[in-house]
Amino acid sequence: MHYTLAEIAAKIGGEVIGDKNFVITGINSLEVANSSEISFAEEKFLKQATASRAGALLVPRKSEGLCQNLIICAQPFQAAGLLMAEMDAAAQQVVHTISEGAAISNSVSLGENLHIGPGAVISENTVIGDNCRIYANTYIGKNVIIGSDCCIYPGVVIREGCKIGDRVMIHPNSVIGSDGFGFLQIAGHNVKIPQIGQIIIEDDVEIGALCTINRAALDKTIIGRGTKIDDHVHLGHGVHIGEEVIMCAQVGLAGGVRIGSQVMLGPRVGCVDHITIGDRARLMGGTQAAQSLTGGKDYGGTPAIPARQSLRQMMAATHLPKDRSRLAVLEKRVQELEKKLAEKTD
Amino acid sequence: MHYTLAEIAAKIGGEVIGDKNFVITGINSLEVANSSEISFAEEKFLKQATASRAGALLVPRKSEGLCQNLIICAQPFQAAGLLMAEMDAAAQQVVHTISEGAAISNSVSLGENLHIGPGAVISENTVIGDNCRIYANTYIGKNVIIGSDCCIYPGVVIREGCKIGDRVMIHPNSVIGSDGFGFLQIAGHNVKIPQIGQIIIEDDVEIGALCTINRAALDKTIIGRGTKIDDHVHLGHGVHIGEEVIMCAQVGLAGGVRIGSQVMLGPRVGCVDHITIGDRARLMGGTQAAQSLTGGKDYGGTPAIPARQSLRQMMAATHLPKDRSRLAVLEKRVQELEKKLAEKTD
Amino acid sequence: MHYTLAEIAAKIGGEVIGDKNFVITGINSLEVANSSEISFAEEKFLKQATASRAGALLVPRKSEGLCQNLIICAQPFQAAGLLMAEMDAAAQQVVHTISEGAAISNSVSLGENLHIGPGAVISENTVIGDNCRIYANTYIGKNVIIGSDCCIYPGVVIREGCKIGDRVMIHPNSVIGSDGFGFLQIAGHNVKIPQIGQIIIEDDVEIGALCTINRAALDKTIIGRGTKIDDHVHLGHGVHIGEEVIMCAQVGLAGGVRIGSQVMLGPRVGCVDHITIGDRARLMGGTQAAQSLTGGKDYGGTPAIPARQSLRQMMAATHLPKDRSRLAVLEKRVQELEKKLAEKTD
């Protein structure tokens, strides 16, 4: 990135105070930015911003002590976001061509303006919408439908029959539509139950790196619109996830779990199979849900209980060794009392 | 899938009651099946089946209220399983050819009737048995032996020298034979211990997506016949797993652990290094085993204790905040008693 | 491997007692080695070594009862390590050529003596140092810098702009530089914060299979020199890891965490975002750190407390059901005492 402050001001709709031709090569936080980078400060951070070594600042107004070049703009944080998105797009820019090194079945239906990297494999009857980036060494099975403006990062595997909406982003090496884990134990043998269910990933879903979204024996596995999933997350067969859910890293949901909309699952949350988590419930990191939970509340602990209660329980547990001693002392004192009282009675 | 009921009846050995030419396009559960799908009900679900919108039903007998097309068969659940397996095979059907886009060393020994996808890499002196499906973008190192009828899904990495039996299934992006985690700390530096042990995966093993099965410094890592492993499972170096074991998602076993046969490990179970879990032991989800456990019993908790005891402990812990107050109250009452008794004695 | 004992003795600087032409095909532990393998025993294991079926032994001296072929050497364990490293190198030996099946941008700068496997994709302006092994089906994005003597195993994905030092080893299917998990909730929608930070991996770092090292919105994600990371580890955006750290499998660190040098994190350790773990702290398996921890100490539990205290708490918790009964009994006894004392007073 090489932008003058004048160029940046034009992009975000701001006004330069200082050197309009000053060249910016990056954006960073107030503490870390160097003299060729731009940083940003909302009103309440203006004082702190005076100490920043940034070469320029996005700020809501001129303020005492700010001697860096400034761009005055109504919403510095949003302006920074715009700049970051532009830099991200530049850093990831791909040529929108289809690599000769991709293996694409003749029966595939391809949209316009695609990037398909070398080593990408796209199987029979699959449909890819417009403006998708299908990176190198991905595998897309038969009869898959992918909407438009999707980004499928390198190494992602999407098995046959999955249906993926628009603007879906799947990070590297994730696996969509792998078999659910279902076996019958017959005469001491584990006999596989075929997993032929479908996967539906709705619009605007983001799936982190190294996730597994499993297909069910029957029925569908569904991830609702706008849901965002971090890395190393495991969704068992037939899970239904609502809209705009946030799932942090290393979450694991067993088969058939139902998650409502706008639910928040912290890191390492687990759910046993076939329970329901209500809309807007929030499960703190590490919570293990062993039964269905009402929406709109916060939970913690193993098994999950209301978060406040779980914190109290955790605090109480730290006193356990001492409390055991208190209990033992008390038993002796009571025994002593009983003895004395008995003597008195005699 | 497009089958008439007559065709399905012939496949599973049943008898049609209703329209023999009715066309079925899928199979689903009683609740979810639509009018072009078939469902199934064992004796005890016949009443519930009357409400199903399925176009046809596999049932053990004609029964009051069933107005769908029926196929009468002795074991509806098994018949459904047969149909599902057939649909699964159809959905996953591959051409049994070796892709020109695969990179196969000249010294590889290939069986008959293979599918090897584009981007598959098979290294020197490796042996692949008959009827294997080696999907796209897999990597198989040198001197590997793979039996017959195996399914190696896309992106799987099998490093040099691994030995894999017949009918083994490895789901996408799993890693077999990666280095175990072994270092010596010498003068403040972590010095790598070479990991040259072998991996043995016996017949009929299934390994989920995104699993790691590590090779040891010396000795072997072994997964016994018929064992089934879910996604995101980590087996450390030199682990020995018995036969017909079930391991749920996100299990992690440290180096040198010995797991008996027919053991069941729930989701997120962990074992510290070099302990032994006896045959038919069952560890509930989240159990962390810190020492060896006798077979034939159920366990839970951190560290692992008998499951019933662990549940009792978990229940007792929920009373901790209240019990602390009871303890404090009791201390005051005893103090009061002591005081009164002392007064009396004076 | 086929070596005579004379050849091995020359390699490690030892002296053969027995058949100099005896052929060795492998190395193994005292218990497991067979008659064509060599094993090793330090002074304190010499007695135990007499029972080994190994065809030859590396030992510090001739000793009563050792009737195997012997190689006398000052440090048997180190000599075994040398042999293992040589066998490992032989087992993994690659031809140092660049595969025709690799897709390498014209603008890439390639060092000398490289192995680049089929299906490897190396993007614009990336720099690869001398003597690297870049295995099959890897993906390396634009503007990446990789030092010399690195080993990038199959399926690894390194996104744009990452900077990797010398002698770095990354095991299969790991993902370096994927987007951190950052969203703003605006009017009920999760809006992505672009992640444009850089990744710095210093010299001599080893990263296990199926790990994710995330890039931050801004700032850098740093892994210090000599740090070793096991499989399935997740490092959130902007994490800074010190030097010579050991991280066991399935560790998960949230964004902005600072880990000092020579820290040891056991399996499944988790840290909430933006906390600091001091130098040489050691966190036992499963520890969940909810606030910053002082260096040089051992920790355990959820939330993390000093390890000894955590063990005492865990032990105390096993008595909970019984202690609840004791508490209830005590309450009755105190009530009884109060009643009796009241009667006496009347």
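Protein chains in written order, with my numbering: chain A, 1293 to 1638; chain B, 1293 to 1638; chain C, 1293 to 1638. Glycine residues also receive a C-beta, built at the ideal position from the N, C-alpha and C atoms. All values reported here derive from a predicted model rather than from experimental measurement.
Residue(s) in a DSSP beta bridge with residue i
| i | result |
| --- | --- |
| T1296/C | V1315/C |
| P1486/C | In DSSP, P1486/C forms no bridge with anything. |
| S1331/C | L1349/C |
| F1475/A | K1484/A |
| E1307/A | I1364/A |
| M1376/C | Bridge partners of M1376/C: none, in fact. |
| H1388/B | Beta-bridge pairing links H1388/B to no other residue. |
| I1450/A | I1432/A and I1468/A |
| V1419/A | S1401/A and I1437/A |
| H1407/B | R1425/B |
| C1563/C | L1545/C and A1581/C |
| C1443/C | R1425/C and M1461/C |
| K1336/A | Paired residue(s): none; K1336/A is not in a bridge. |
| V1413/A | A1395/A and Y1431/A |
| T1342/B | DSSP lists no partner for T1342/B. |
Per-residue burial, residue i [other beta carbons within 10 Å of its own, 16 or more giving buried]
| i | result |
| --- | --- |
| Q1554/A | buried |
| D1311/A | exposed |
| E1536/C | buried |
| V1387/B | exposed |
| K1614/C | exposed |
| E1329/A | buried |
| R1353/B | exposed |
| L1350/A | buried |
| G1357/B | exposed |
| H1294/B | exposed |
| M1539/A | buried |
| R1600/B | exposed |
| N1313/C | exposed |
| Q1580/C | buried |
| S1399/B | exposed |
| A1381/A | exposed |
| N1482/B | buried |
| A1372/A | buried |
| T1504/B | buried |
Pick from the options that is closest to residue i, judged by C-alpha positions
| i | options | result |
| --- | --- | --- |
| T1513/A | M1556/A, I1468/A and Q1360/A | I1468/A |
| P1464/C | T1389/C, L1476/C, Y1427/C and N1313/C | Y1427/C |
| V1561/C | A1508/C, E1628/C and A1596/C | A1596/C |
| M1379/C | G1578/B, Y1295/B and Q1490/B | Q1490/B |
| F1369/C | S1331/C, V1315/C, Y1431/C and K1303/C | S1331/C |
| I1478/A | T1418/B, P1486/B and G1518/B | G1518/B |
| P1559/B | D1565/A, G1558/A and L1557/A | D1565/A |
| G1305/A | T1637/A, E1334/A, L1476/A and Q1367/A | Q1367/A |
| A1377/B | A1333/A, K1636/A, L1510/A and T1594/A | L1510/A |
| H1408/C | N1435/C, A1382/C and C1443/C | Looking at the sequence itself, residue 1408/C is Ile, so the reference to His does not match. It is C1443/C. |
| D1441/B | R1425/B, P1598/B and G1578/B | R1425/B |
| D1522/C | M1556/C, V1419/C, G1318/C and K1484/C | M1556/C |
| I1499/C | L1633/C, N1429/C, S1466/C and Q1385/C | S1466/C |
| T1389/B | I1309/B, G1318/B and E1404/B | E1404/B |
| N1608/C | H1611/A, E1452/A and L1402/A | The sequence shown places Ala at residue 1608/C, not Asn. Comparing Cα positions, the closest option is H1611/A. |
| V1497/A | F1337/C, I1515/C and F1473/C | F1473/C |
Contact between the stretch 1519-1535 of chain A and the stretch 1546-1553 of chain C (3+ Cβ pairs under 8 Å): no
The stretch 1413-1430 of chain A touching the stretch 1389-1397 of chain A, judged by at least three CB pairs closer than 8 Å: yes
Meets three-Cβ-pair contact criterion under 8 Å: the stretch 1569-1579 of chain A and the stretch 1572-1589 of chain B: no
Complete beta strand (DSSP E) runs within the stretch 1574-1608 of chain A (minimum length 3 residues, chain order): 1590-1592
Given 8 Å, three or more beta-carbon pairs between the stretch 1452-1459 of chain B and the stretch 1326-1345 of chain C: no
Three-pair Cβ contact test at 8 Å for the stretch 1613-1632 of chain A versus the stretch 1356-1368 of chain B: The stretch 1613-1632 of chain A makes no contact with the stretch 1356-1368 of chain B, as fewer than three CB pairs between them are under 8 Å.
Uninterrupted alpha helix (DSSP H) stretches inside the stretch 1496-1524 of chain C (no shorter than 4 residues): Runs of the alpha helix (DSSP H) inside the stretch 1496-1524 of chain C: none found.
Ranges of the alpha helix (DSSP H) found wholly within the stretch 1518-1561 of chain C, counting only runs of at least 4: None, since the stretch 1518-1561 of chain C contains no complete alpha helix (DSSP H) of that length.
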